[in-house]
Amino acid sequence: MSHVIAANDLVKAFPASRRLSDLLRGRRPMVRAVNGVTLGVGAGRALGIVGESGCGKTTTARLLLRLEEATSGAVLFDGQDVTALHGKALLPFRASVQLVFQNPFDALNPRFTIRRTLTEPLSNFGIPADQQDARIREAMARVRLDPAEAYLDRHPHELSGGQLQRVVLARALVAHPRAIIADEPVSMLDVSVRAGVLNVLRRARDELQLAAIYISHDLALIRYVCEDVAVMYLGRVVESGPTAEIIASPAHPYTRALVAAVPVPRVDQDRGALPIQGGLPDQVNQPSGCAFHDRCPLAIPRCAEEAPPLRSIAPGRLAACHLV
């Protein structure tokens, strides 16, 4: 399957806070927030990137959107490397890959009407004025905010949280993108409206054959909307493959712990939970070998000495663990 958008061995390193000892020795410690990530998603499919806070999933999304410059590696769009594009050369990519923000209350200018909010990206991408109204109404209908006249001349404070997130999605769709990246798209919404927004996202993806990437810490959400999933830990992908298979039979110990944390209706159901030991290690001075070995109850001496490669363990499935 060809990928609409993909990452190839992406690395992003940030300078860490320097202590006095670092200054005296002339050292500049770095944090690799993303460390060799390779993944991709094709048209009409959805990929979920999951992991706990600090795993690098949001930084990966920002790299894919070209909101951050990669330290090394490449971002590919339709197989073409767009990592080195800047300025006007990047505009077609910007129109083709759109972001759905996490917090709709912060994502919209409170002084703009909904009409102006949706018109602005069209003007930025050079869409002729005589085509803009039709595009806006099409996007509003697609996110189920119709009739459009009931919303276009209102301001954000006049809409509910669910309606605002639909406006954010409409702003992404109005540019006729090929791919969307949604960063925790419903985490700021009331539980009662989350399913409706997710259904709108999924319907738009299916009807427009969009490539979609969802960033989330919530495996239950990813199971609902994504065919494939990539599990990240300390900047690396530790397992990836079809969502249903990974949730039914997780291979990596970290993935097993994430799956065990998903609530289930029956409290007496045995899910084979693995107790994770301690907290996240220091990202500047990460442990040798497998980054997860000091928290893993199954670790063997080899885990502390040798980092496991991400390798095929079954058709369509990858895992980075010496024990699988």
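Quick note: the sequence shown uses our numbering, first residue 23, plus one each step.
Yeah, the Cβ is synthetic: ideal placement off N, Cα and C, and Gly gets one too.
Local Cβ density within 10 Å of residue i, reported as buried at 16 or more and exposed below that
i	result
Glu261	buried
Asn307	exposed
Asn57	buried
Pro275	buried
Ser238	buried
Ala217	exposed
Gly109	exposed
Phe36	exposed
Leu130	buried
Ser118	buried
Leu320	exposed
Beta-carbon gap between residue i and residue j smaller than 7 Å
i	j	result
Val165	Arg188	yes
Ala55	Asp205	no
Cys77	Met254	yes
His315	Ala329	no
Pro132	Pro169	no
Leu107	Ala161	no
Gln154	Thr141	yes
Ala38	Val53	yes
Gly257	Arg339	no
Ala92	Asn30	no
His344	Arg317	no
Cut-off 7 Å between Cβ atoms - residues of its own chain near residue i, not counting five sequence neighbours on either side
i	result
Cys248	Ala68, Leu69, Gly70, Tyr236 and Thr265
Arg157	Leu144, Ile149 and Val196
Asn125	Met210
Arg159	Ala170
Opposing strand residues paired with residue i [DSSP bridges]
i	result
Ala28	Gly62 and Leu98
Ser334	Leu340
Nonlocal neighbours in the same chain, by C-beta distance under 8 Å from residue i, ignoring five residues either side
i	result
Leu112	Arg88 and Val104
Close beta carbons around residue i, own chain, < 6 Å, minus the five adjacent residues each side
i	result
Asp152	none
Gly62	His25 and Ala28
Ala313	Leu256
### Message
Under 8 Å: do the segment 67-81 and the segment 239-253 share three or more Cβ pairs, one atom per stretch?
### Response
yes
### Query
Counting pairs of Cβ atoms below 8 Å between the segment 82-102 and the segment 25-32, do you hit three or more?
yes
### Task
Would you be able to state if there are at least three C-beta pairs under 8 Å between the segment 213-221 and the segment 167-178?
Because the criterion of three Cβ pairs below 8 Å is not met, the segment 167-178 and the segment 213-221 do not touch.
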